[in-house]
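Below is one structure, written out as structure tokens; comments come after it.
Residue numbers (the working numbering): 1 to 67.
Set out below in structure tokens:
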């Protein structure tokens with residue numbers, strides 16, 4: 001019986017960073033909390049680009065002309 005080989009993918013590192021950052025946003029220490037929020041904003045821009053927030057019921061917003 002051979003040992004199972006676990007292949008590490010580059011996305012595994014990003015997932016770990018995002019998870020730790022999300023957990024850190026709940027930290028009661030304000031410096032850690034604020035830094036985690038800033039990192040989440042950077043990660044959001046890097047990985048999700050121009051994703052717009054969802055619109056509310058009946059809210060056309062500034063993005064309505066794109067749909």
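Where is the CB? At the ideal position from N, CA and C, for every residue including glycine.
Assuming residue i and residue j are in contact, meaning their beta carbons sit under 8 Å apart, how far apart are those beta carbons, in whole angstroms?
{"i": "residue 36", "j": "residue 27", "result": "7 Å"}
{"i": "residue 18", "j": "residue 42", "result": "At roughly 11 Å, the Cβ-Cβ gap does not stay under 8 Å, so residue 18 and residue 42 are not in contact."}
Please report the distance separating the alpha-carbon of residue i from that of residue j.
{"i": "residue 67", "j": "residue 12", "result": "Confidence in residue 67 is poor, its pLDDT being 47 and thus under 50, which makes the residue's placement unreliable; the coordinate value appears in the next sentence. Those two C-alpha atoms are separated by around 34 Å."}
{"i": "residue 38", "j": "residue 10", "result": "23 Å"}
{"i": "residue 46", "j": "residue 21", "result": "15 Å"}
{"i": "residue 29", "j": "residue 49", "result": "29 Å"}
In the DSSP assignment, the alpha helix (DSSP H) including residue i goes from what residue to what residue?
{"i": "residue 11", "result": "10-24"}
{"i": "residue 31", "result": "30-48"}
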